[in-house]
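Structure first, then comments.
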Amino acid sequence: MHGGPGTPTFVRCAPSPLTGQLNQPVGAFPTTTDELDRGSSDEPRRSRMKSGGGESWHEDWRADAACVGENLDVFFPLGDQATHHALSNQAKEICSRCPVMDTCRAWALRTSPEFGIFGGLTAHERRLVREGRWNGYGPRRTARTDAA
Numbered sequence: 001m002h003g004g005p006g007t008p009t010f011v012r013c014a015p016s017p018l019t020g021q022l023n024q025p026v027g028a029f030p031t032t033t034d035e036l037d038r039g040s041s042d043e044p045r046r047s048r049m050k051s052g053g054g055e056s057w058h059e060d061w062r063a064d065a066a067c068v069g070e071n072l073d074v075f076f077p078l079g080d081q082a083t084h085h086a087l088s089n090q091a092k093e094i095c096s097r098c099p100v101m102d103t104c105r106a107w108a109l110r111t112s113p114e115f116g117i118f119g120g121l122t123a124h125e126r127r128l129v130r131e132g133r134w135n136g137y138g139p140r141r142t143a144r145t146d147a148a
């Protein structure tokens with residue numbers, strides 16, 4: 001099955017628990033951030049957060065992130081050093097124009113994801129921040145230019 005732009009090709013599918021239609025990928029990893037959480041356009045996006053004694057729903061700031069719809073490979077770079085560096089720079093450029101970069105960075109520093117670029121920082125850079133050894137270099141929010 002292959003859909004439009006941003007939709008990965010899946011080898012196997014399982015029935016949706018809600019509709020019974022074969023539209024749920026089995027063992028596939030989403031390749032764009034918009035695939036991580038699709039809600040109806042009528043409802044605000046929400047995500048489930050675990051806290052202390054249980055789960056609660058909250059408004060999802062990630063819906064406003066500049067990375068929504070971008071290829072996740074950019075934010076989880078692999079490959080040789082040159083490819084890794086190029087993808088990291090591309091991710092940081094996207095982060096630099098993100099309206100929720102500071103929130104994303106704070107989330108990443110609080111939750112310590114082992115891999116990926118969040119809030120414009122790599123896992124290594126986040127570790128340096130937490131250890132108090134960060135030199136302050138990294139993406140800065142840039143002015144957004146919205147086409148009229």
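Throughout the sequence shown, residue numbering follows full-length UniProt numbering, covering 1 to 148 in sequence.
Ideal Cβ positions, reconstructed from N, Cα and C, are used throughout, including at glycine.
Suppose you measure from the CA of L78 to the CA of G120; what does that come to, to the nearest Å? 17 Å
Quick check: the Cα distance between L128 and W134, rounded to an integer number of angstroms? 5 Å
Relative to the C-alpha of G116, which candidate in N71, D64 and W61 has its C-alpha closest? N71
Given L109 as reference, the closest of S88, A123 and K92 once Cα atoms are compared: A123
Count the other C-beta atoms from every protein chain shown that fall within 10 angstroms of the C-beta of R130, then say buried if there are 16 or more, exposed otherwise. Classification of R130: exposed, given that the 10 Å Cβ count is below 16.
Report the partner residues of L121 according to the DSSP bridge assignment. DSSP, once it has assigned bridges, lists F118 as partnering L121.
Could you check whether A63 and C95 sit closer than 8 Å to each other, using their CB atoms as the reference points? The answer is no: Cβ separation not under 8 Å.
From the DSSP output, in three-state form, read off N71 for me. Correct three-state label for N71: strand.
When the Cα of C98 is compared with those of D60, V74, L87 and V68, which residue comes out closest? Selected option, being the one with the closest Cα: V68.
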